[in-house]
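Notes to accompany the following structure.
Residue numbers (this note's numbering), protein chains in the order written: chain A, 1 to 416; chain B, 1001 to 1416; chain C, 2001 to 2416.
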């Protein structure tokens, strides 16, 4: 439970808000590389932290991310022409390079283009993602070179879907290990839709939660009692401010994870990434992402990555499936997360919650985030900016009661 | 004409508003029994007085009506599982009984369910309706046992439709006898759509209005001069705060009536009920409700009882029918009421009205309602809570000029 | 660039706003004559300066333009019956003549109709347009008898389309000669969609702008250097507060022009008119209006003259056409204007602009409009009310460098 003031402080991300200022200290994923497939292709709208931007890949391959509205008379540059290393407004032909510098003015007999510069943000591209940094240039941190972003292309997979809720309830759903075996549960052996099987170690009991604060956020452990006193431990990382690394489920040598990136106060972009240490990831990852997750055929990349399953159609819940096959009757693991999180409304009223011990990871994440907004206000560096998080990975394993499980699992939480 | 303050006082129904506090002193129809047809069926959303609730019929048949949002982390319980005498949130498996008591917590190794209780409202079920009382428990009045609700099932009929306007303009349309013979008029003998026939006594002249205040509200009379000095009298009851009993039209031994129940400030649920003293009501009542009324095939019970004919499509007005066959060109008597009332906008600006003697019933209803909000603020009991209204019925008859019509009709306004 | 206060003052048009008060001093086009094709036909909704009105053509041909909401209980008179020289509310049968006088009350045994008058505005009809004056009756100016409105019917053409933006960005687009040869440009000789041809004198160079203030607003000149030192001059009129006369393009003896009439703060009606001095205008004007303009088959006259090409569908931009054939990839000259103007959002934030010399006509129009709001506040007459603008016309021609072009073109800017 939070005060109304704390809830506001955590959820509002526009310019000059405390959380907006914190977010602007980190690199953020802005687009899939595939959204700008070729030089001089059509520009793409990007909304981030409440700002309307437009992205374009210039003739030389550089990527611009600039204010959507032309500084001349505020026509949308999304209507613009991407040509010869710059984006040109169709209204009066003002043209901007990837740094936001005006380099041509078709409407003026005597150009004053050199005096005009529009808002632009730095971008870098790797791991199939175009990243941006929207904060003060002198405070720019190292690029977010997660180990998985450096993997060969065939061993990684990235996708995204728009969520119609504030970013924080998406993060809070993600770092909440206890719902994993409830919300996503299958009710029988061969359910008509995918779900966590009844014989999964995750379903055996409600987890005990342990959590170790770190310099980048925390690592946390869902510990589930199994038959014969064994312990099934799922070990995650929360990396400030919106990243999670999660174990893929028993039997895979993978990193799975999410970014929950604020689009504006009422929307966030859910990014899903996978990295295989076993071999090419192709159809297998798409299956995770699809049947078990985003169901890519139901995400409209032409329409801002909105899903077909949304609040207005009750996420296409099937009450018959819910009665006999899966806990929710909603298709897709990630869709189930999105459905419950969107069902809370655009910004959940956290003054009305009743948290328990199982919600510890959530409470602590809020405290870390609030403390980080305070740190930024004091002019200090918030956590999660140093490269120490690059080589993290999640882990999961079953231990006998006699084992010191944490001593064993923590070393597994780092790439060799 | 009202002041702006009076208009606000009469129309706002949320928690802690004067009218909201008054409404919360009465039993209200919440759902049709048919909306919860079986134990352990899917839960149903209910919005009443600006509160979002969810209803479910438990395994033992009891009905729960509780806060839509789980007190744990505010996921919607509409997504929930109705199982084994309780509604379970799919997010973390918290389960609630029909009284709102938490009785299970799947996510917590050590449950603290006994400490958690959510908002719940009392319900009773009779007459094909699930009723609720949302006020202070110690002030709960007798159940609203209208005589018609106790009739055999085949002699009564209930339906509902959502109206996209404030409740008060629906009530004011209902208790306004003078529009009856205008808005609903047919223009010729065999019109293509149903309407009040040209030879109906109701069409002969504008009515004189008489009104007697009672302990439950008032009874009122529309007196229309006929040929040869006869008087055609239609006698209604207005029962505080939102109920009307109305005569069915000449030649039927029926009670017809409406509840206009506030959903929120901008919507109300129009309930229609019929009771026959003649025999089974089956297709005849449905015909009243249909061709002459709600046109059930055009009400979407799967979509919050919205009508196909709505403001956004101009109520499917047919200007050719309006020119030659019926006064409005809109199909269905009740649809015509809804159309004019919705056409005023969500909350009509009553500072701009010009009322006349024909609007007396409306003026007095407003005064009664305002006085009742005052009474509740003073800690007194508002009118319409005592069972004396149970046996009321409407009446209509034609009297000769020599008769003392009121002496004759008032005794007819009570069930024998 | 404006201050926030100036931007508000220029863009808000509701009752009692400074710009609303200014607009109410002028005759405005309210409907096409064809919207009320016959006496006693269905009434038509008209929204002007933020006021909801309803128009009807009475039995005798007179046109009423009155408050949409019945003064009795505020039902919409759009649902009304237009019969026997008056519009009758279907709710209680109150009837109003074209002057807003109540002339019947079906619901009252003793009528008090003579005491009831609703808001009504004066109308006149000529030139295929129904005009209205919404200001103080004692200040009513002469009717706007533009010469073209007096032309034989076969030599004039009028159409309209709703624009989903504030009126001022429509005006500012219209009086901005420099965008003409940029936004509307074709990229090759035979483009798949219409555009300004590459060999047009308008495309040769960015224009130098000259502007002469007049008693009615200003005349302005876009002067484009041609090969061999020739000057191609396009000469326009801006007539306060929302009218433009523009040259049709080389080789035609025409008047073209627009009104940009405020519907409310976020919408305006774009009126297009054409007048030929050559012969009947029939299909040729429709072609201008169509392929090059409004594309009449894509404007929904049944749905408030909305275009098929709108912000929600990105104006059906075709990126392939944009790449190779036309500057925007949007079909229709007028559609291109509307697209860029709507792309700025409902009210552009003029505190963020960067205007240059090419925007002089816009800056001066704002100053004239602000000065006129001041004049009205001081009780003085604003410009553009006297009949001196009736006989204006635009002009265009190419002059040799040696000629005194302005001495030659100004006399051409008046009808003989």
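Even for Gly, the Cβ is constructed at its ideal location relative to N, Cα and C.
Keep in mind the model is a prediction, meaning the values are calculated, not measured.
### Task
Examine the Cβ distances between the segment 270-284 of chain A and the segment 356-368 of chain A and report whether three or more of them are shorter than 8 Å.
By the Cβ rule, the segment 270-284 of chain A does not count as touching the segment 356-368 of chain A, because fewer than three pairs are nearer than 8 Å.
#### Entry: Under 7 Å by beta carbon: chain C residues contacting residue 1319 of chain B
2042
#### Entry: Partners in chain A for residue 1071 of chain B, counting only beta-carbon separations shorter than 9 Å
352, 353 and 354
### Task
Could you check if residue 2059 of chain C is buried or exposed, using at least 16 other CB atoms within 10 Å of its CB as the buried criterion?
exposed
### Query
In angstroms, rounded to a whole number, what distance separates the CA positions of residue 1248 of chain B and residue 1213 of chain B?
22 Å
### Message
Based on DSSP bridge pairs, tell me the residues matched to residue 397 of chain A.
### Response
A:233
### Query
Would residue 1291 of chain B count as contacting chain C if we go by Cβ distances under 9 Å?
Legend: pLDDT at residue 1291 of chain B = 45, less than 50; position of this residue unreliable, value from coordinates given subsequently. It does not; no Cβ of chain C falls within 9 Å.
### Query
Which residue spans inside the segment 153-217 of chain A form an unbroken alpha helix (DSSP H) run of at least 4?
167-174 and 180-183
### Query
If the cut is a Cβ gap below 8 Å, which residues of chain B does residue 2303 of chain C touch?
Chain B residues near residue 2303 of chain C: none, gap ~11 Å exceeds 8 Å.
### Query
Does the distance from the CB of residue 319 of chain A to the CB of residue 332 of chain A come in under 9 Å?
no
### Query
List, in order along the chain, the chain B residues whose C-beta lies closer than 7 Å to that of residue 308 of chain A?
Those within 7 Å of residue 308 of chain A in chain B number zero; the least Cβ separation is about 17 Å.
### Task
Whole angstroms is fine: what's the gap from residue 2187 of chain C's alpha carbon to residue 2199 of chain C's?
10 Å
#### Entry: First through last residue of the alpha helix (DSSP H) which encompasses residue 2255 of chain C
Where residue 2255 of chain C is concerned, there is no enclosing alpha helix (DSSP H), although the beta strand (DSSP E) it sits in stretches over 2254-2264.
### Task
Measure from the C-beta of residue 1340 of chain B to each C-beta in chain C and report whether the shortest distance is under 9 Å.
yes
### Query
Under 7 Å Cβ-Cβ, which residues of chain C neighbour residue 107 of chain A?
Contact note: residue 107 of chain A reaches chain C through 2178, 2179, 2182, 2206 and 2358, using a C-beta cutoff of 7 Å and chain order.
### Task
Please state whether DSSP places residue 2298 of chain C in a helix, a strand or coil.
helix
### Assigned exposure category for residue 1980 of chain C - 16 Cβ within 10 Å defines buried
Chain C is shown from 2001 up to 2416; residue 1980 of chain C falls before or after that span and cannot be answered.
### Message
On the criterion of 16 or more Cβ atoms from any shown chain inside 10 Å, does residue 270 of chain A qualify as buried, or is it exposed?
### Response
By the neighbour-count criterion, in which 16 or more other beta carbons inside 10 Å mark a residue as buried, residue 270 of chain A falls on the buried side.
### Closer than 9 Å at the beta carbon, the chain A residues around residue 1130 of chain B
What residue 1130 of chain B touches in chain A: nothing, since even the nearest Cβ is about 20 Å away.
### Query
Out of curiosity, what's the CA-to-CA distance linking residue 1160 of chain B and residue 1305 of chain B?
7 Å
### Task
Could you give the DSSP three-state label for residue 2276 of chain C: helix, strand or coil?
strand
### Query
So which residues on chain A does residue 2398 of chain C lean against when the C-beta distance must stay under 7 Å?
Result: empty, since nearest Cβ-Cβ is about 18 Å, beyond 7 Å.
### Query
Going along the chain, which residues of the segment 2075-2091 of chain C sit with their C-beta nearer than 8 Å to a C-beta in chain B?
Going along the segment 2075-2091 of chain C in chain order, one finds 2075, 2076, 2078, 2079, 2081, 2090 and 2091 with a Cβ nearer than 8 Å to chain B.
### Distance, residue 42 of chain A Cα to residue 63 of chain A Cα
12 Å
### Message
Determine, for residue 172 of chain A, whether the minimum Cβ-Cβ distance to residues of chain B falls below 9 Å.
### Response
yes
### Query
Whose C-alpha, out of C:2261, C:2110 and C:2118, is nearest the C-alpha of residue 2165 of chain C?
C:2261
### Query
Is the CB-CB distance between residue 246 of chain A and residue 128 of chain A below 9 Å?
no
### Message
Is it the case that the segment 2123-2142 of chain C contacts the segment 2029-2036 of chain C, given that we only count it when at least three CB pairs across the two stretches are under 8 Å?
### Response
yes
### Task
Compare the Cα-Cα distances from residue 1152 of chain B to each of B:1396, B:1327, B:1275 and B:1006 and report the closest residue.
When C-alpha distances from residue 1152 of chain B are compared across B:1396, B:1327, B:1275 and B:1006, the shortest belongs to B:1275.
### Query
For a contact meaning CB atoms closer than 9 Å, what does residue 1100 of chain B contact in chain A?
Under the 9 Å cutoff, chain A gives no residues; its nearest Cβ is about 13 Å from residue 1100 of chain B.
### Message
Can you tell me whether residue 1001 of chain B is buried or exposed? The criterion is at least 16 other CB atoms within 10 Å of its CB, across all chains shown.
### Response
exposed
### Task
Would you identify the three-state DSSP class for residue 291 of chain A, choosing helix, strand or coil?
Low local confidence applies: a pLDDT of 45 at residue 291 of chain A is under 50, so the model's placement there is unreliable, and no value is given.
### Task
Please classify residue 2162 of chain C: is it buried, with 16 or more other beta-carbons within 10 angstroms of its beta-carbon, or exposed?
buried
### Query
What does residue 2093 of chain C reach in chain B if we use C-beta pairs closer than 8 Å?
1182
### Task
Evaluate the contact criterion for the segment 71-82 of chain A versus the segment 2336-2353 of chain C: three or more CB pairs, one atom per stretch, below 8 Å.
yes
### Task
Note down, in chain order, each residue of its chain lying with its Cβ closer than 8 Å to the Cβ of residue 1209 of chain B, except the 5 sequence neighbours on either side.
1177, 1178, 1220, 1221, 1222, 1223, 1357, 1358, 1360 and 1361
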